[in-house]
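Chains as they are written, first to last, in our numbering: chain A, 173 to 400; chain B, 173 to 400. Below: the structure, in structure tokens.
There are 2 protein chains.
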Amino acid sequence: MPLPARAVRAAPDGHGAAGLRVADALRTAILDGEFAPGERIRQEVLARRYGASRVPVREALRMLEAEGLVTLVANTGAWVSRISLAECEEMYQIRERIEPLLLRFNLPLLSDGDVAELARLAEAMEATDDVEEFLALDRAFHLSCYDLAPTSVLGDLVLQLWNRTQHYRRAFTRVFRAEGERSVHHEHHLLVAAIRRRDADEAERVLSGHIRRTRLELARHPEVFADD
Amino acid sequence: MPLPARAVRAAPDGHGAAGLRVADALRTAILDGEFAPGERIRQEVLARRYGASRVPVREALRMLEAEGLVTLVANTGAWVSRISLAECEEMYQIRERIEPLLLRFNLPLLSDGDVAELARLAEAMEATDDVEEFLALDRAFHLSCYDLAPTSVLGDLVLQLWNRTQHYRRAFTRVFRAEGERSVHHEHHLLVAAIRRRDADEAERVLSGHIRRTRLELARHPEVFADD
DNA sequence: CTAGACCGGATTGCATCCAATCACAAGAGG
DNA sequence: CCTCTTGTGATTGGATGCAATCCGGTCTAG
């Protein structure tokens, strides 16, 4: 039975990669906020923008639909996915249960240097006033706790949940900063401390509580999910 | 901002549904064991088999790739996904954490009639000698605990994990039955009892332990994942 | 006899073309 | 004035055809 060992995608560019190129570009655009949730996506526009025909564009849309970033309706079109408060809470509750597990897998693999880097990120997050920078640092802080263990399924899943909520996290961040919310930073420092001691149980508890508290906070701001 | 309210897929057949038709058919075929993991999938063959051109077939392959049922390699082809023991354990560990949550959401929605049906399924499972029937009953037993709550994300995720491990569950079932393993049924009855009392904490505990014990059992049979 | 290069068939990837469908606006009827 | 209908333009969906790539066997050289 074949099935090539190299799970690595053969060529990152060239022939047989147009769909992936478009998908990567569009994903980045959505995560960066260039496209807002609910916004219509036209195949022709993307095709011209990324120099491809509509066929690979449609492939890319299918991929992003599977990731939950795009919503397709047959014979009608594609939209940047919009999620409700209920769905967002659901995703956070899933994260509460699985991110601690992923952290546990990574804990023994994190070097002292990695931990120092985490501490640095937490401090930078506390220092910055820029929303986009905070978002990038927060993402780097959490996801860099996760990318050492070879957990393909769990890693992809967590990344997907982060991506699907990215736009709304941007919105929350603005609100939280306006409210002068500080406990987030406290929790980050507690998490770094637990990781430094390689205390898996405590790290799980802190991380779970961190996500949980964020969820409870965002439930207080349903206006972020308003339909305009 | 548009984005039609009807999230329901417009037409299950007719124009604009060829990709979905092929995807559904191929998914069913894979889950039923018609295609074995590692088996090559040729676009032309599927196109002829399902009366479509290769374009919707490629769309279907992308969808199933996203579900983890198919593995695509650029310029090379498609294979029915094969998972390793490590990946399977990972999926079971994810299930240990999220299926109890999903059960909790559904618990208040289950009627007394639903609970009676669960008990019936558990007994039928205990009675049958046929592997395929056991698989179908087990799937019905667990998934029917989950499909009442409108948890789109969590429900889809759990279903995906069941699908990705379906072939290997079939193989385990054969081994377990050969070994005369009976504790599975005990756990099912405990679960029904906890559900009947609407005892969420106990139900979570039992379900988590059920999945966990299955995972530990399957780790004792790595031969199921042999590459042939 | 083995290892490496090479070539032909098979298969996938993409662009173009045409058909099917839908959204929207204008008009007829109540 | 509102509602339903109808037609048109825009957009998506699918089939075909060609180019790019890969796999397998064969030949050659060492």
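For every residue, glycine included, the Cβ atom is placed at its ideal position computed from N, Cα and C. These figures come from a predicted structure and were not determined experimentally.
Residue i classed as buried or exposed, judged by whether at least 16 other C-beta atoms fall within 10 angstroms
i	result
T248/A	exposed
L236/A	buried
G191/B	buried
P228/B	buried
P322/B	exposed
S283/A	exposed
S253/A	buried
G200/A	Just to set this straight, residue 200/A is Thr in the shown sequence, not Gly. Per the 10 Å Cβ criterion, exposed.
E206/B	exposed
G240/A	buried
G327/B	buried
E259/A	buried
H187/B	exposed
R220/B	exposed
A299/A	exposed
R369/B	exposed
L388/B	exposed
A294/A	buried
L329/B	buried
A195/A	buried
Residue i, DSSP secondary structure in three states
i	result
T200/A	helix
R276/B	helix
G188/A	coil
I213/B	strand
A250/A	strand
H314/B	helix
G223/A	coil
I270/B	helix
L309/A	helix
L320/A	coil
F207/A	coil
A398/A	coil
Same chain, Cβ closer than 7 Å to residue i, neighbours up to 5 away in sequence not counted
i	result
D310/B	M297
G210/B	W251, V252, R254
L198/B	L218, A232, L236
A372/A	R276, L279
Q215/A	R226, V229, R230
I202/A	L241, V252
The beta strand (DSSP E) enclosing residue i, as first and last residue numbers
i	result
T243/A	242-245
Residue i Cβ short of 7 Å to the ligand ATP heavy atom set
i	result
R212/B	Annotation note on the ligand ATP: not contained in the displayed structure, which lists no ligands.
Given residue i as reference, the closest of the options once Cα atoms are compared
i	options	result
Q332/A	Y264/A, I213/A, A219/A, V217/A	Y264/A
R193/A	E231/A, R212/A, A208/A	E231/A
R392/B	A201/B, F344/B, R214/B, F207/B	F344/B
H314/B	A208/B, P272/B, E262/B, D196/B	P272/B
E385/A	D399/A, R354/A, L198/A, A299/A	It is Arg, not Glu, that sits at residue 385/A in the sequence shown. Minimum Cα distance to R385/A is reached at R354/A.
A375/B	Y340/B, E289/B, A366/B, R226/B	A366/B
H358/B	D328/B, H382/B, I213/B	H382/B
A312/A	R212/A, N335/A, V245/A	N335/A
H360/B	D301/B, T337/B, A288/B	A288/B
F277/B	R292/A, G285/A, N278/A, E261/A	E261/A
T243/B	G223/B, I213/B, A195/B, L203/B	I213/B
R292/A	D373/A, L363/A, R377/A, L203/A	L363/A
R346/A	R387/A, F306/A, D319/A	F306/A
Y318/B	G223/B, R234/B, A195/B, L274/B	L274/B
Contacting residues, own chain, Cβ-Cβ under 8 Å from residue i (five flanking each side not counted)
i	result
S256/A	F397
R269/B	S380
D302/A	none
D286/B	S316, L320
Range of the contiguous alpha helix (DSSP H) that encloses residue i
i	result
A124/B	One cannot answer for residue 124/B here, as it falls past the ends of chain B, which runs 173 to 400.
T337/B	324-351
V364/B	355-368
E237/A	226-238
G285/B	284-299
Proximal residues to residue i (C-beta, below 6 Å), its chain only, five neighbours per side dropped
i	result
H339/A	P209
L390/A	F344
E290/A	According to the sequence as given, residue 290/A is Leu; it is not Glu. Cβ neighbours of L290/A beyond the five flanking positions: V364.
R267/B	L333, I383
A246/B	none
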